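So the structure is just underneath, and the comments pick up after that.
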Amino acid sequence: PPGLESRVCGLIRDSYADFGPTLAAEKLRERHGIEISKACVRRIMIDAGFWVPRRQRPPKVHQPRNRRACLGELVQIDGSDHAWFEDRAPACTLLVYVDDATGRLMQLLFVPTESTQAYFAATRAYLERHGKPQAFYSDKAGVFRVNARDNAEGRGYTQFGRALFELNIDILCANTSQAKGRVERMNGVLQDRLVKELRLRRVSSMEAANAYATTFIADFNARFAKVPRSDFDAHRPLRGDEDLARIFCWREWRKVSQNLTLQYAKVMYLLEDRPESRRWIHRYGLDLERAIHQVGPPPLPSSPATRTTALRRQPKKNQTQHKAHARADI
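Start counting the sequence shown at 342; every next residue gets the next number (the working numbering).
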């Protein structure tokens with residue numbers, strides 16, 4: 342009825358002008374006792390100019406970005422979850438590294454899922470093969486960016502970001518998937534072309550697929566890679582002091598007690614009581630399977646350690662006064 346439509350239009354204007362038709366119809370029923378279909382609410386909102394049908398909305402424009410000039414200047418990275426082996430094996434993730442200037446496939450690695458350790462392995466293999474690029478371009482996943490609620494600007498470093506910082510490689514995070522469209526489109530191409538190549542070769546495991554990846558990359562780049570605007574290769578060689586095994590590892594801070602013990606993952610590590618070990622209380626370092634490294638100069642000889650199960654107990658008074666910081670690199 343006209344009177345009802347006028348009332349509904351007034352209520353929407355006053356309280357629900359920025360609501361969608363479905364939500365507005367729900368609130369009219371819940372808060373005002375007006376039983377009206379969402380189709381009627383949608384028509385009223387369109388007539389009043391509160392709602393624009395999707396077909397009438399102007400398309401979003403994503404202007405293309407020019408390619409970078411040099412190989413290695415910017416490398417787009419992403420993980421693609423897919424049934425890469427079809428019904429021959431469970432689905433897994435392919436980590437894809439694409440050069441922005443040339444569109445070349447730089448690195449492929451099949452892994453169970455996207456994780457920091459997976460990107461550590463893929464990036465280390467990339468650096469050992471090509472050298473250090475100027476920057477990586479990724480999405481805002483937690484591997485690349487600190488996404489805590491109280492850190493909307495993404496300040497600080499993740500484990501992966503810290504590793505790149507030590508190598509002087511920038512990490513840029515795209516705001517939209519369209520911004521890193523080169524690697525997104527590459528994912529689609531690989532989900533078609535690579536899946537069929539794996540089928541023809543009867544590859545049905547991540548290990549076999551990773552062994553074939555080098556051959557696929559060479560063939561793909563020979564067919565589709567572009568010529569960069571500049572012949573300069575922006576990759577930088579690794580320095581002699583850049584130990585990738587130590588850089589691409591998980592690091593956490595732990596406290597070392599006065600009695601030379603360190604706890605990690607419910608395990609207590611005990612240093613052998615020797616004069617050089619006592620000197621490490623304030624600059625701690627020992628070499629275990631989890632590679633606990635020293636903080637601060639001077640370098641000291643390694644000392645054996647004993648691993649025991651950590652026991653739960655009440656801390657002694659003033660216990661924190663006898664502890665120093667150490668960093669565990671895992």
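All residues carry an ideal CB built from backbone N, CA and C; glycine is no exception. Values in this document were obtained by computation on a predicted structure and should not be read as measured data.
Check                                                                                                                           : Outcome
Collapsed DSSP secondary structure at E507 in the structure displayed                                                           : helix
Per-residue DSSP class, three states only, for G420                                                                             : strand
Within the region 533–621, ranges of the alpha helix (DSSP H) (whole runs, at least 4 residues)                                 : 547–565, 585–588 and 616–619
One or two residues paired with S479 in a DSSP bridge                                                                           : C514
Alpha helix (DSSP H) segment containing Y438, residue limits                                                                    : That residue, Y438, is in no alpha helix (DSSP H); its beta strand (DSSP E) goes C433 to D440.
Per-residue burial, G502 [other beta carbons within 10 Å of its own, 16 or more giving buried]                                  : buried
Beta carbon of T434 nearer than 8 Å to that of G420                                                                             : yes
Local Cβ density within 10 Å of V349, reported as buried at 16 or more and exposed below that                                   : buried
Residues of its chain near D582, where Cβ-Cβ distance is below 6 Å and the 5 sequence neighbours each way are ignored           : none
DSSP state of V452 mapped onto helix, strand, coil                                                                              : strand
Continuous alpha helix (DSSP H) stretch holding T363: start and end                                                             : P362 to H373
CA-to-CA distance, V608 to F451, given in whole angstroms                                                                       : 32 Å
Beta-carbon proximity check, I497 vs V487, cutoff 8 Å                                                                           : One point to set straight first is that residue 497 is Gly, not Ile, in the sequence displayed. For G497 and V487, yes; Cβs fall inside 8 Å.
Straight-line gap, A504 to I588 (C-alpha atoms, nearest Å)                                                                      : 6 Å
Residue from N562, F561, A563 and L539 with nearest C-alpha to A552                                                             : L539
Whole-number beta carbon distance between A476 and D511, since they are thought to touch under 8 Å                              : 4 Å
Anticipated Cβ contact below 8 Å, V536 with I418, distance rounded                                                              : Not really, about 20 Å apart at Cβ, beyond 8 Å.
Reduced DSSP secondary structure (H/G/I, E/B, other) of L415                                                                    : coil
Residue interval of the alpha helix (DSSP H) (run including T443)                                                               : T443 -> no alpha helix (DSSP H), and no H or E assigned at all.
Whole-angstrom distance between A365 and Q500, CA atom to CA atom                                                               : 45 Å
Beta-carbon proximity list for E507, same chain, < 6 Å, skipping 5 on both sides                                                : I588
For N528 and V597, believed in contact at Cβ under 8 Å, the rounded distance                                                    : Not really, about 45 Å apart at Cβ, beyond 8 Å.
Contacts around A550, its chain only, beta-carbon distance under 8 Å, and the 5 residues preceding and following it disregarded : W425, F426, F451, L539 and V544
Cross-strand partners of K473 (DSSP beta bridge)                                                                                : R577
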